[in-house]
Amino acid sequence: MEAINGRPKREIKKGETRRHIISILVNNEFGVLARIATLIAGKGYNIESLSVGDTSEANLSRITIEVKGDDIVIDQMIKQLRRLIDTVKVRDLTDMPRVERELMLIKLHAPSSKERDEILRIVQIFRGKVVDISQDSITIELTGDSDKIKAFLNLVRPFGIKEMATTGKITLKRDSMAEETQD
Amino acid sequence: MAMRKGADVVIETLLKEGVDVIFGIPGGANMEIYDALYRINKIKHILARHEQGAGHMAEGYAKASGKVGVALATSGPGATNLITAIADAYMDSVPVVFLTGQVPTFLIGNDAFQEVDIVGMTRPVTKHNFLVKRVEDLPLMIRQAFYIARTGRPGPVLVDIPKDVTQTMTDVEIPSDEDVINSLPGYKPHLEGNPQQIKRAAQLILEAKRPVLYVGGGAVSAEANAEIMELAELMKIPVTTTNMGKGAFDERHPLSLRMLGMHGTYYANMSVYHSDLLIAIGSRFDDRVAGKVDEFAPFAKIIHIDIDPASISKNITVDVPIVGDIRSVLVRLIEEIKGKNSKIVHEEDRKAWLEQIDAWKKAHPLSYKPSDKVIKPQFVLDTLYEVTEGNAIIATGVGQHQMWSAMFYRYSFPRQFINSGGLGTMGFGLPAGIGAKVARPDKDVFIIDGDGSFLMTMQELVAAAQYNIPIKVIILNNAYYGMVRQWQELFYNKRYSEVDLSFQPDFVKLAEACGAVGMRTDNPKELKDVLLKAKNINDKPVLVEVIVDREENCLPMVPAGKSYKDMLLSDGKNVEAETMYLVG
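Which chain is which? The protein sequence lines are A and B, in order.
All the letters of the first sequence, read from the start, carry residue numbers 453 to 635 under the working numbering.
All the letters of the second sequence, read from the start, carry residue numbers -2 to 581 under the working numbering.
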């Protein structure tokens, strides 16, 4: 054996901080969402978007969560989510080919026909739907992935947004492995 | 099935689970269950004097026996008083089922008398919990609770039972084992180790020059003693255990390095530091073990065997993770090694490694300065080891006395050392020791406590006296919150802020007032006789107050967040000054 100097160091892996999309299949029981939310809050992370809904099986629900965090911490969190008794399947879809959608309802200022026409043209390009119209406003329904929603928002922002609401993302793994295309 | 009350179903289900004792306290919301307990009269009940005590008793029972402990409390304050014990069981992976009464279902959420959302409150500190809303679900949920508590990585499960559920008449059947397993599709506790990873691990072990086995509480839960001994002897690997892993490997064995970490031995910490292969078994690289993570075993490849996938690479990235039941993984690992004729590749290096470790053991054994004027706390443990011939179960509170107990008593069988490792709950010792004695009436149970720790749950001495549970409490009285004082001495320039406990009860009178035998000594020469006397009283609890050297420190010590190179030795000197770092 030989002597060495200094303080040798173990390499510590560091993760990248980014948005993760986690899809969780859970037993359809009260308190499940609270368990998941408690676990994520316990890491000091904020849930950026959330959706809960039915699946093809009556006793199971799917929860889709978008959360920003360090890759290594998220990996640990996913293991802990799997450990919960009421989770049946937990998957990080961040780096997987997937279909992803969210739904937005947005009410825009549209006091004149010129503006209404312009808005309608944009809505058409984005394959949105007008769901309500009044003398000075127009309400639009739009679905798509977050890039599409963002692009749409950039275009309509100059008209003035009166109100808007978006659902959480829902997402499924893409079996075809094909690249996501716009609608 | 005949019609009977939900409360009767609770007791029937507990009987089906083989429960022979419950620790608890009755109250408004769990009265029906107590009534059924009285009528059916088949399960022993130990009446604690505070629900926290009941919880720790159930933990002590579970830790000493390996069976699932059961604690029963009422709603509201009864339930909140349990929380410390629940969190403690969660941190140390102790299988305990906590049953709480709840206000009737039609009052839930109404801020009713003695109502709290205990299921919500305990979500982060239970492995799982249930609120039983319909009497039909009652037996299944209780059986699920036991199944979840004892399988996989064990842990506490709480079942909250509203009063009207216990009053409802039902003909519900007690579900079979198969029904229980099938009712939990998301829970798969039985994991087989990956064969490829086991092969890789075997290869690394055969090729290692300086291997160390680092064994934690998971090995005790998995009852993997024999396999660890076989692996260590077969491959000549020294073994260090964590606080929770004590007893998984006989500390008197020549390959034992005893405990590692903050208050570990010099030679355990040096061995881990210089190892080129660390084989972690049911241990989790806790901060009290790993200290400064980037200087923990900096030369070592790490194999980590654990039942809990979430524990792997949590604090330190490991090279060979093996998720599975520890015992079955070790059996296959040993087979794999034997398949290669157990041929250690670097036989010479391995020999040199063991010689180096022996040199470290000789250079800095665990030691203290003996005295014939004052009683050194370490001397109490040494003497107790002698008096009990190393055969007693030792339960402790939390503080200096706990670490002295870990260091100076030598543990040789699993479930021998019962203490609060993860949560560090002062007051754990007395109730846990009572639970341990209930589980193991054949063993002497000594509770080593501090004067500060003891006062936090001392009311349970009354319970011990009521049932003539002959536990032996040894209070190492230094009239301080000693561990805090030690930190204030070392890291806060002796500013002793609020740690002086010189104003204290007369412990001998206190013991007598509770129905126990009280004794006191401050004389090193009579200590042995006093301990022998305590050992021989077996019809009631005994409390021995030992006045110890007030400002004795618990050493060696690796300061929090530091590396083994910053270890303070028993003479107070720093390791760095006199140690070479050997690799090769």
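For every residue, glycine included, the Cβ atom is placed at its ideal position computed from N, Cα and C.
Measure the alpha-carbon distance for residue i versus residue j and round it to whole angstroms.
i, j, result
"Leu275 of chain B", "Pro235 of chain B", "10 Å"
"Asn416 of chain B", "Glu170 of chain B", "39 Å"
"Thr102 of chain B", "Gly3 of chain B", "14 Å"
"Tyr211 of chain B", "Leu351 of chain B", "16 Å"
"Val113 of chain B", "Ser72 of chain B", "7 Å"
"Ala26 of chain B", "Gly512 of chain B", "31 Å"
"Thr385 of chain B", "Asp379 of chain B", "10 Å"
"Lys340 of chain B", "Val459 of chain B", "58 Å"
"Val156 of chain B", "Pro23 of chain B", "16 Å"
"Asp322 of chain B", "Ile304 of chain B", "5 Å"
"Asn388 of chain B", "Phe414 of chain B", "11 Å"
"Ala245 of chain B", "Asp536 of chain B", "31 Å"
"Ser598 of chain A", "Ile499 of chain A", "16 Å"
"Asp448 of chain B", "Tyr365 of chain B", "21 Å"
"Val371 of chain B", "Asp441 of chain B", "27 Å"
"Ala216 of chain B", "Arg543 of chain A", "30 Å"
"Arg150 of chain B", "Lys461 of chain A", "32 Å"
"Thr517 of chain B", "Ile313 of chain B", "Sequence inspection shows Arg at residue 517 of chain B; the Thr mentioned does not correspond to that position. C-alpha separation (whole angstroms): 47 Å."
"Asp568 of chain B", "Thr393 of chain B", "25 Å"
"Asp523 of chain A", "His472 of chain A", "8 Å"
Measuring only between beta-carbons, confirm whether residue i sits less than 7 Å from chain A.
i, result
"Lys311 of chain B", "yes"
"Asp291 of chain B", "yes"
"Tyr270 of chain B", "no"
"Glu575 of chain B", "Residue confidence is low: Glu575 of chain B scores 49 on pLDDT, short of 50, so the model does not pin down where it sits. No coordinate-derived value is stated."
"Tyr561 of chain B", "no"
"Gly183 of chain B", "yes"
"Arg120 of chain B", "yes"
"Ala587 of chain B", "Any question about residue 587 of chain B goes unanswered here, given that chain B covers just -2 to 581."
"His125 of chain B", "yes"
"Pro295 of chain B", "yes"
"Thr314 of chain B", "yes"
Identify the continuous alpha helix (DSSP H) that holds residue i and give its terminal residues.
i, result
"Phe127 of chain B", "From DSSP, Phe127 of chain B is part of no alpha helix (DSSP H) but of the beta strand (DSSP E) over His125 to Leu128."
"Gln200 of chain B", "Pro192 to Glu204"
"Ile601 of chain A", "Ser598 to Val608"
"His301 of chain B", "Looking at the DSSP string, His301 of chain B is not in any alpha helix (DSSP H); the run it does join, the beta strand (DSSP E), is Lys298 to Asp303."
"Arg36 of chain B", "Met28 to Ile37"
"Glu542 of chain B", "First-last for Glu542 of chain B: Val539 to Ile544, but that is the beta strand (DSSP E), not the alpha helix (DSSP H)."
Under a CB-based cut-off of 7 Å, is residue i close to chain B?
i, result
"Arg543 of chain A", "no"
"Lys614 of chain A", "no"
"Gln634 of chain A", "With a pLDDT of 41 at Gln634 of chain A, under the threshold of 50, the modelled position of this residue cannot be trusted, and the question is left open."
"Gly467 of chain A", "no"
"Ile526 of chain A", "no"
"Lys531 of chain A", "yes"
"Lys461 of chain A", "yes"
"Asp538 of chain A", "yes"
"Ile464 of chain A", "yes"
"Gly521 of chain A", "no"
"Gly494 of chain A", "yes"
"Arg487 of chain A", "yes"
"Arg535 of chain A", "yes"
The ligand SAH heavy atoms versus the CB of residue i: any closer than 6 Å?
i, result
"Glu615 of chain A", "In the structure on display, the ligand SAH does not appear, and there are no ligands present to speak of."
Just to confirm the assignment, what range does the beta strand (DSSP E) spanning residue i have?
i, result
"Pro208 of chain B", "Pro208 to Val212"
"Thr148 of chain B", "Taken as a continuous stretch (DSSP letters only), Thr148 of chain B belongs to no beta strand (DSSP E), as it is neither H nor E."
"Ser475 of chain A", "Thr469 to Asn479"
"Val481 of chain B", "Element bounds for Val481 of chain B: not the beta strand (DSSP E) but the alpha helix (DSSP H), Gly479 to Phe488."
"Ala277 of chain B", "Leu274 to Ile278"
Residues of chain D with CB under 9 Å from residue i, in chain order?
i, result
"Gly117 of chain B", "Given the protein chain composition of this structure (A and B), no chain D is represented."
Please list the segments of the beta strand (DSSP E) lying wholly inside the stretch 65 to 121 of chain B, counting only runs of 3 or more residues, in order along the chain.
66 to 70 and 93 to 99
Flag this pair as touching only if the stretch 550 to 567 of chain B and the stretch 260 to 267 of chain B have three or more C-beta atom pairs under 8 Å; answer yes or no.
yes
Is the stretch 49 to 58 of chain B close to the stretch 430 to 449 of chain B, with three or more CB pairs under 8 Å?
yes
For the stretch 489 to 576 of chain A, list the alpha helix (DSSP H) runs that are entirely contained and at least 4 residues long, ordered along the chain.
523 to 535
Report yes or no: do the stretch 483 to 499 of chain A and the stretch 602 to 616 of chain A share at least 3 C-beta pairs separated by less than 8 Å?
no
Taking 8 Å as the threshold, find out whether the stretch 576 to 591 of chain A comes into contact with the stretch 543 to 555 of chain A through three or more Cβ pairs.
no
Are three or more beta carbon pairs between the stretch 124 to 133 of chain B and the stretch 509 to 525 of chain A nearer than 8 Å?
no
Kindly confirm or deny that the stretch 224 to 231 of chain B and the stretch 287 to 307 of chain B touch, where touching means at least three C-beta pairs closer than 8 Å.
no
Three or more C-beta pairs under 8 Å: does that hold for the stretch 417 to 425 of chain B against the stretch 493 to 506 of chain B?
no
In the stretch 329 to 380 of chain B, which residue ranges form an unbroken alpha helix (DSSP H) of at least 4 residues, counting only runs that do not cross its ends?
344 to 360
Okay, do the stretch 558 to 575 of chain A and the stretch 519 to 538 of chain A touch, 3+ Cβ pairs below 8 Å being the bar?
no
With a floor of 4 residues, list each alpha helix (DSSP H) that falls wholly inside the stretch 154 to 185 of chain B, ordered by position along the chain.
160 to 164 and 174 to 179
Per the contact definition of three or more C-beta pairs closer than 8 Å, is the stretch 471 to 486 of chain B in contact with the stretch 394 to 410 of chain B?
yes
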